[in-house]
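Peer 1: Okay, so the first sequence: first residue is 1 according to UniProt numbering, each after it adds one.
Pasting a structure here, questions to come.
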Amino acid sequence: MSEQIPAVDDLPEQLRVRREKRERMLERGVEPYPVELPRTHTLREVRESHVDLPPDTKTGDLVGVTGRVMFLRNTGKLCFATLREGDGTELQAMLSLNEVGEQSLSDWKATVDLGDHVFVHGEVITSRRGELSVMADSWQMAAKSVRPLPVAHKDLSEETRIRQRYVDLILRPAAMETVRTRAGVVRSLRESFHQRGFLEVETPMLQTLHGGATARPFVTASNALGIDLYLRIAPELYLKRCVVGGIEKVFEINRNFRNEGIDSSHSPEFAMLEFYQAYGTYDSMAVLTRELVQEAAESVFGTQVVTLADGTEYDLSGEWTTLSMYDSLSEALGTEITPQTPVELLRKHADSRELETDPKLGHGKLVEALWEHLIGDHLYAPTFVRDFPVETSPLTREHRSRPGMAEKWDLYVRGFELGTGYSELVDPVVERQRLVEQSRLAAAGDVEAMPVDEDFLRSLEYGMPPSGGVGMGIDRLLMALTGLGIRETILFPLVRPE
RNA sequence: GGGCCGUUAGCUCAAUUGGUAGAGCUGCGGACUUUUAAUCCGUAGGUUCUGGGUUCGAGCCCCAGGCGGCCCA
């Protein structure tokens, strides 16, 4: 009947055998991939409606259930299979010679492999050992698997888990749990915003200028317009246009793209939350940020003391610590550091602490490097680090009382940067000066510096109310709440092609 | 970008000093009507990541490359 394609002969035995089983089903007129099955209950529904039955019970309840075969225990005249459905619920199916007859039982043994989706119709019973089961009166293939599942008793290699996440999800309940946790966190964020009267918007991912952050963009091109386009590195400049337009409480949860290194805490595409509030300041935004994180933890785990992947507990409750960057750096160095401290002196401090620095670094980047080395890397409890050098914060308002500092904070959680908040710079004249300075850096070869966005400046010229703004990485929020690496929190992280 | 480690059966991993490439699970054949990673008997399965080199002989040594991981910048 059906000709096998020649390549089948070259397949490893286990793949070949399963393909042949599929072929044999077709030859017998049995559909290996039926379009519809008479399912009456999910496995979960069967479990929930039959709790605490004693062993060897017959309920008289007839059900049709489906599931992926996770374990098979075939004896001569009685077969057991553990079925699992997507939410992780398992239910045992039993096939007895007495109930299904010789042909059906031998078909089962000859065609069903681990990993197949099957449909089983029969009575809900418990086995002699008390296992809740469906005693089949008939069964049917729901979808034949022609590729063997990796063994369930050994961990998959990390690479295979990431490259073939679908297999990871099938085999490892924790992988599925991470997906659920992430969905719960994002949902909680949206609910927190909606409760506070924020509007969710979607701003361009394809931009004619990249701005809103210092990062190297991905470049693409529009055939229709005949121009280069950038995948956005941040939504910031568009969200500020929203505030100018009168959307006074606005947020966006969407993807950013940065053409930079890939490691355990950086992914080239990552989900970002940004939110802006007219008449907010970096103080009020810090409170809101803390509440968002705490509400997410509460919503997903029912507690603000979360349990991380390594089993340790992490306390997100209550008020969080606040540090001043310059003050804490001064304390760590034992001498006062201010925005006026000369670059040469900062470099001396770096040298004396065995911190290698690029000789091209200016005051702002040196202060940040020193601070990260001496303090940031050791922060564990949730901490707002405030008042950054103004020169490295081109979109931030200068501090109202401490010249040379910006009203900006970084939120550190478990030693990494979770988010950043600002009292936004809304003076169009100062903003123009800052962007011109940035574009000068860009022209001088700084691939991370921003170009001048004239339309953005024009919007500011119409008048943007005093505002607070925050950016927070969703992937990093997941890392903070779960203790997982970034490649576990992203379902399909970018990997080099096989 | 640099250094180190890894890459072997469908999966997870062994392989002594350079001397016939193995195990468990999985698969296949058989037994078994209450199993729970079922058990028992039998059996199959390999481009040792790729290409070159040294050697009588290479999974192992050398060179180049791919992919992955860790550390450093």
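Heads up, the beta-carbon is just placed ideally off N, CA and C, and yes, glycines get one too.
Note that the structure is predicted; figures quoted are calculated from it, not measured.
Answer with buried or exposed for N98, where buried requires no fewer than 16 other C-beta atoms within 10 angstroms of its C-beta.
Peer 2: Indexing the first sequence from 1 puts residue 98 at position 98. The residue is exposed, with fewer than 16 neighbouring Cβ atoms inside 10 Å.
Peer 1: With 16 as the cutoff for other CB atoms within 10 Å, does Y380 come out buried or exposed?
Peer 2: Taking the first sequence and counting its residues from 1, the one referred to as residue 380 is at position 380. Exposed, because fewer than 16 other Cβ atoms sit within 10 Å of the Cβ of Y380.
Peer 1: According to DSSP, what are the bridge partners of V69?
Peer 2: Start at 1 with the first residue of the first sequence, and residue 69 comes out as number 69. Beta-bridge pairing links V69 to L83.
Peer 1: CB S467 to CB Q277, shorter than 8 Å?
Peer 2: Mapped onto the first sequence, residue 467 falls at position 467. Mapped onto the first sequence, residue 277 falls at position 277. Yes, these two residues count as a Cβ contact at 8 Å.
Peer 1: For T203, does the count of other Cβ atoms within 10 angstroms reach 16, so buried, or fall short, so exposed?
Peer 2: Looking up residue 203 in the first sequence gives position 203. That one is buried.
Peer 1: So, using beta-carbon positions, are Q474 and M272 closer together than 8 Å?
Peer 2: Counting from 1 along the first sequence, the entry for residue 474 is found at position 474. Counting from 1 along the first sequence, the entry for residue 272 is found at position 272. At residue 474 the sequence reads Ile, which differs from the Gln that was named. Taking 8 Å as the Cβ cut-off, I474 and M272 qualify as a contacting pair.
Peer 1: If K21 sits next to K109, beta carbons under 8 Å apart, how far is it from one beta carbon to the other, in whole angstroms?
Peer 2: Position 21 of the first sequence, counting from 1, holds the residue named residue 21. Position 109 of the first sequence, counting from 1, holds the residue named residue 109. Contact doesn't hold; Cβ gap of about 11 Å is too wide.
Peer 1: In three-state terms, what does DSSP make of P382?
Peer 2: For the purposes of this step, residue 382 is taken as the residue at position 382 of the first sequence. Note: P382 maps to coil in three-state DSSP.
Peer 1: Throw me the rounded Cβ distance for the T321 and T383 pair, which I believe falls under 8 Å.
Peer 2: By one-based count along the first sequence, residue 321 stands at place 321. By one-based count along the first sequence, residue 383 stands at place 383. Confirmed, Cβ separation roughly 4 Å.
Peer 1: Give the list of continuous alpha helix (DSSP H) stretches no shorter than 4 residues that lie fully inside the segment 156-240.
Peer 2: Those alpha helix (DSSP H) runs which fall completely within the segment 156-240 and span 4+ residues are 158-163, 165-171 and 173-195.
Peer 1: Expressed to the nearest angstrom, what Euclidean distance is found between the alpha-carbon atoms of residue 529 and T307?
Peer 2: Since the first residue of the chain shown is 1 and the last is 498, residue 529 is not available in this structure.
Peer 1: Check the C-beta distance from A286 over to W371 and give it rounded, since I have them as a contact under 8 Å.
Peer 2: As a position in the first sequence, residue 286 is number 286, starting the count at 1. As a position in the first sequence, residue 371 is number 371, starting the count at 1. At roughly 18 Å, the Cβ-Cβ gap does not stay under 8 Å, so A286 and W371 are not in contact.
Peer 1: Mark H210 as exposed unless 16 or more other C-beta atoms lie within 10 angstroms of its C-beta, in which case mark it buried.
Peer 2: What you label residue 210 is simply residue 210 of the first sequence in a count that begins at 1. With 16 or more Cβ atoms within 10 Å of its Cβ, H210 is classed as buried.
Peer 1: For A7, does the three-state DSSP call read helix, strand or coil?
Peer 2: For this step, residue 7 is matched to residue 7 along the first sequence. Any answer about A7 is weak, because its pLDDT of 43 lies below 50 and its placement is not dependable; what the coordinates show is given next. The answer is helix: DSSP assigns A7 an H, G or I state.
Peer 1: Quick check: what's the CA-CA separation for F251 versus L411?
Peer 2: The count along the first sequence starts at 1 and reaches residue 251 at position 251. The count along the first sequence starts at 1 and reaches residue 411 at position 411. If you take the alpha carbons of F251 and L411, they lie about 18 Å apart.
Peer 1: Determine whether the beta carbon atoms of N256 and A234 lie at a separation below 8 Å.
Peer 2: Taking the first sequence and counting its residues from 1, one reaches residue 256 at position 256. Taking the first sequence and counting its residues from 1, one reaches residue 234 at position 234. Result yes, Cβ atoms of N256 and A234 sit closer than 8 Å.
Peer 1: Roughly how far, in whole angstroms, is the beta-carbon of L53 from the beta-carbon of L132, given that I think they are within contact range, below 8 Å?
Peer 2: Stepping through the first sequence from its first residue, residue 53 is reached at position 53. Stepping through the first sequence from its first residue, residue 132 is reached at position 132. Going by Cβ atoms, the distance from L53 to L132 rounds to 7 Å, so yes, they are a contact pair.
Peer 1: What residue from P497, G483, L494 and E498 has the CA that sits closest to A174's CA?
Peer 2: Stepping through the first sequence from its first residue, residue 174 is reached at position 174. Of the listed residues, the one whose Cα sits closest to A174 is G483.
Peer 1: Are three or more beta carbon pairs between the segment 107-122 and the segment 140-158 nearer than 8 Å?
Peer 2: In short, these stretches touch, since the Cβ pair count reaches three.
Peer 1: How long is the line joining the alpha carbons of Q324 and L199, rounded to whole angstroms?
Peer 2: Counting from 1 along the first sequence, the entry for residue 324 is found at position 324. Counting from 1 along the first sequence, the entry for residue 199 is found at position 199. The question names Gln, yet the displayed sequence has Ser at residue 324. Their Cα atoms are separated by approximately 32 Å.
Peer 1: Is A442 near the ligand MG, in the sense that its beta carbon is under 7 Å from a heavy atom of that ligand?
Peer 2: Absent from the structure shown: the ligand MG. Ligands present: none.
Peer 1: Bridge partners of K408, per DSSP?
Peer 2: By one-based count along the first sequence, residue 408 stands at place 408. Answer is Y422, bridged to K408.
Peer 1: Starting from K249, follow its DSSP beta bridges and name the residues at the other end.
Peer 2: Start at 1 with the first residue of the first sequence, and residue 249 comes out as number 249. Paired residue(s): Q277.
Peer 1: Measuring only the C-alpha atoms, how far is E3 from D137?
Peer 2: Counted from its first residue, the first sequence places residue 3 at position 3. Counted from its first residue, the first sequence places residue 137 at position 137. Residue confidence for E3 is low, a pLDDT of 27 falling below 50, so the modelled location carries little weight; the figure read from the coordinates is stated next. Approximately 34 Å between the Cα atoms of the pair.
Peer 1: Does E31 come out as helix, strand or coil in the three-state DSSP assignment?
Peer 2: Numbered from its first residue, the first sequence carries residue 31 at position 31. Note: E31 maps to coil in three-state DSSP.
Peer 1: Do you know offhand how far D427's Cα is from K154's?
Peer 2: Counting from one through the first sequence, the residue named residue 427 turns up at place 427. Counting from one through the first sequence, the residue named residue 154 turns up at place 154. If I take the Cα positions, the gap works out to 60 Å.
Peer 1: Which of the three DSSP states, helix, strand or coil, is assigned to S352?
Peer 2: As a working mapping, residue 352 is identified with position 352 in the first sequence. In this structure, S352 counts as helix in the three-state DSSP scheme.
Peer 1: Checking 8 Å against the spacing of the C-beta atoms, do E248 and L395 come in under that value?
Peer 2: In the first sequence, the residue the question calls residue 248 occupies position 248. In the first sequence, the residue the question calls residue 395 occupies position 395. Cβ distance not < 8 Å, so E248 and L395 don't count as in contact.
Peer 1: Contact check, V65 vs H41 under 8 Å by CB: the rounded distance?
Peer 2: Taking the first sequence and counting its residues from 1, the one referred to as residue 65 is at position 65. Taking the first sequence and counting its residues from 1, the one referred to as residue 41 is at position 41. Correct: roughly 6 Å between the Cβ atoms.
Peer 1: Got a sec, what are the start and stop residues for the beta strand (DSSP E) Q140 sits in?
Peer 2: Your numbering for residue 140 matches position 140 in the first sequence. From DSSP, the beta strand (DSSP E) with Q140 extends over L132 to A143.
Peer 1: Hey, could you find the ends of the beta strand (DSSP E) S127 is sitting in?
Peer 2: Translated into the one-based positions of the first sequence, residue 127 becomes position 127. Where S127 is concerned, there is no enclosing beta strand (DSSP E), given that its DSSP letter is neither H nor E.
Peer 1: Measure how close the beta-carbons of P451 and A442 come, nearest whole angstrom, since I'm counting them as under 8 Å.
Peer 2: Position 451 of the first sequence holds residue 451. Position 442 of the first sequence holds residue 442. Indeed, because the Cβ distance is near 6 Å, the residues count as touching under 8 Å.
Peer 1: May I have the straight-line CA-CA distance separating E298 from S106, to the nearest angstrom?
Peer 2: For the purposes of this step, residue 298 is taken as residue 298 along the first sequence, with counting starting at 1. For the purposes of this step, residue 106 is taken as residue 106 along the first sequence, with counting starting at 1. The alpha-carbon atoms of E298 and S106 are separated by roughly 52 Å.
Peer 1: Would you list the residues sitting across from S265 in a DSSP beta bridge?
Peer 2: Position 265 of the first sequence holds residue 265. None, per the DSSP bridge assignment.
Peer 1: Are H363 and V343 touching if we call contact CB-CB under 8 Å?
Peer 2: To locate residue 363, count along the first sequence from 1; it is residue 363. To locate residue 343, count along the first sequence from 1; it is residue 343. Yes. Within cutoff.
Peer 1: Can you name, in chain order, every residue of its own chain whose Cβ lies under 6 Å from the Cβ of L169, other than the five neighbours on each side?
Peer 2: As a working note, residue 169 is residue 169 in the first sequence. Contacts found: A175 and M176.
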